[in-house]
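Enquirer: Numbering (the working numbering), first residue to last: 13 to 564.
Just so you know, even glycine gets a beta-carbon here, dropped at the ideal spot from N, CA and C.
This is the structure, below, for whatever I ask next.
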């Protein structure tokens, strides 16, 4: 560190010095070797390692090397030379230098080791006596001193680009008229990118807690943002010049970091699949009241059963690329279809309540089957077809067979899901509000505490059945919400089976016939008297109709 500090001090004392390219590259190479960057860079080149760790001295060596690099490349600029376009390549570094005049027709695009910088130098030249200069520098191995873990985040981080430096040497007015764009090549091709973060190196003085002077050095996102990103490169836009890098953030995977949560997820999904199967068999094989339309409930169970089963067994076809892509497309269709059937169930419940509020005789619940199938399966088919046509390679993955998170492709599922969730929340709230006078007019024996608790349970269960609890997916930062999300959303089939099958007297009679039991078999009184949701509403509707038909 002593040698580096001395070199830095000498350069700072001679800010107007002009050095030949050979002297600059030799001095930089010496500084890099002293700091250890050269040897680490050679090791990484031979092993293919991507460095993500911090320097042992808290970034101090990296900061000094950056200052020396900036001062040395500034010494390449000779204000008396006029227009200059110069590139320097060595095993350790790439330097691109450009000096232009205000009336120049040259484009201000500088390149270094596969990275480019686009800057409006003409505007800077007009504010600096007609000339302006820019230097773009890439030093191989700098990430060994300025690792990705210097970014203050709870996520896993990976340095995905070279560390680049952009500076405006020997000009007085350095205020940018517009943001500068940096195109950074990725160190590896990304199949499933995480959160791409454009950062710059911040090295500023601060007072430590014990009152002594100290330094805070870290990667900061202030003034930089991502413009575009794909598997090969990312475009960053920044409102200032400094030393920049591209860091990818990824969340912790459940299977690696929390095996208990993964175990809970699998157990809950298996339990949910059992109740989905029971509900499907009940809807298909039992005799139902002609007024009850179970079409939406049946196909909701079918879609959720198949989608949960595919997710549970995805490890069996994950290694087969073609099969994985096909299963991802099928899963996309089933997930979108599931949410649309949830919407149709919410819509039918709302229409049923509205008819009750107008004291209409209900011949049959809800919409006709042809409209239900057109919405429930037609819309998902169109969404998946368009998605596959727009991005043919958008399905698959290395960890899960799903939509690849590239170029906002995941909105092909997030868009419909968020829309349905918003509509279901609205329909559920409106339905509950409309039921207030209906429930208040029910007979006194129905409003006993036991039945009141039953009705409250059905309302809460219907909240889960309609998928309203999927909104918990937006709050996955804490472990409590992760467990709630898994438990509630895996048990949609359980709640649906209990409310629409087990609480239905006709279904219980069918069960007793199947099991060869007599009607006097041991069944809890509360279960015998527990009506289904449709029976509740039918009973309420009949009572309101009777009240409306009584003479005054």
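(1) Excluding the 5 residues flanking residue 126 on each side, which residues of the same chain have their C-beta closer than 6 Å to its C-beta?
(2) Within 10 Å of its beta-carbon, does residue 441 have 16 or more other beta-carbons around it, so buried, or fewer, so exposed?
(3) To the nearest angstrom, report how far apart residue 350 and residue 159 are at their CA atoms.
(4) Which partner residues of residue 257 appear in the DSSP bridge assignment?
(5) How far does the beta strand (DSSP E) with residue 179 in it extend, from its first residue to its last?
(6) By the DSSP assignment, the beta strand (DSSP E) with residue 122 in it spans what residues?
(7) Under a Cβ-count criterion, where at least 16 other Cβ atoms within 10 Å of its own Cβ denotes burial, should residue 348 be classed as buried or exposed?
(8) What are the partner residues of residue 443, as DSSP defines its beta bridges?
(9) Taking the alpha carbon of residue 403 as the reference point, which residue from 386, 389, 388, 423 has its own alpha carbon closest?
(10) Pull the bridge partners of residue 98 from the DSSP assignment, please.
(11) What does residue 144 pair with, by DSSP beta-bridge criteria?
(12) Roughly how many angstroms lie between the CA atoms of residue 248 and residue 228, to the nearest whole one?
(13) Could you check the C-alpha separation between residue 24 and residue 83 for me, to the nearest Å?
(14) Whole angstroms are fine: how far does the CA of residue 176 sit from the CA of residue 191?
(15) Determine the closest residue to residue 390 out of 280, 352, 313, with distance taken between C-alpha atoms.
(16) Report the residue from 253, 201, 282 whose alpha carbon sits nearest the alpha carbon of residue 244.
(17) If residue 294 and residue 261 are in contact, beta carbons under 8 Å, what's the gap, nearest whole angstrom?
(18) Distance check for residue 114 and residue 142, CA to CA, integer angstroms please.
(19) Go ahead and label residue 490 buried or exposed: buried means 16 or more other beta carbons lie within 10 angstroms of its beta carbon, across all protein chains shown.
(20) In the structure shown, what three-state DSSP assignment does residue 404 receive?
(21) To the nearest angstrom, report how far apart residue 280 and residue 149 are at their CA atoms.
(22) So, helix, strand or coil for residue 536, using DSSP?
(23) Would you tell me roughly how many angstroms separate the C-alpha atoms of residue 237 and residue 253, rounded to the nearest one?
(24) With three or more C-beta pairs closer than 8 Å as the rule, is the stretch 466-477 touching the stretch 394-414?
(25) Measure the CB-CB distance between residue 298 and residue 519 and report whether it falls below 8 Å.
(26) Any idea what DSSP makes of residue 200, helix, strand or coil?
(27) Assuming residue 335 and residue 259 form a contact by the criterion Cβ under 8 Å, report the distance between their Cβ atoms to the nearest whole angstrom.
Expert: Considering the structure as presented:
(1) Cβ neighbours of residue 126 beyond the five flanking positions: 197.
(2) Per the 10 Å Cβ criterion, exposed.
(3) Residue 350 and residue 159: Cα-Cα distance of roughly 44 Å.
(4) Residue pairing by DSSP puts residue 257 in a beta bridge opposite 211.
(5) First-last of the beta strand (DSSP E) with residue 179: 176-179.
(6) First-last of the beta strand (DSSP E) with residue 122: 121-124.
(7) Buried, since its Cβ has 16 or more Cβ neighbours within 10 Å.
(8) According to DSSP, residue 443 bridges with nothing at all.
(9) Per the Cα distances, 423.
(10) Answer is 109.
(11) For residue 144, which the question treats as bridged, DSSP gives the partners 112.
(12) Going from the Cα of residue 248 to the Cα of residue 228 covers about 24 Å.
(13) Straight-line Cα distance between these residues: approximately 7 Å.
(14) Cα to Cα, the separation comes out at about 16 Å.
(15) If you compare the alpha carbons of 280, 352, 313 with that of residue 390, the shortest gap goes to 352.
(16) Closest by alpha carbon: 201.
(17) The pair is not a contact, with the Cβ atoms about 46 Å apart (cut-off 8 Å).
(18) Roughly 5 Å separates the two Cα atoms.
(19) Residue 490 is classed as exposed because its beta carbon has fewer than 16 other beta carbons within 10 Å across all chains shown.
(20) DSSP places residue 404 in coil when its eight states are reduced to three.
(21) For residue 280 and residue 149, the gap between their C-alpha atoms comes out near 54 Å.
(22) Note that residue 536 scores a pLDDT of 49, beneath 50, so its modelled location is shaky; the value from the coordinates is reported in the next line. Here residue 536 sits in coil by DSSP.
(23) If I take the Cα positions, the gap works out to 13 Å.
(24) Touching, no.
(25) Cβ distance < 8 Å, so residue 298 and residue 519 count as in contact.
(26) Coil, per DSSP.
(27) Between residue 259 and residue 335 the Cβ distance is about 34 Å, and since that is not below 8 Å, they are no contact.
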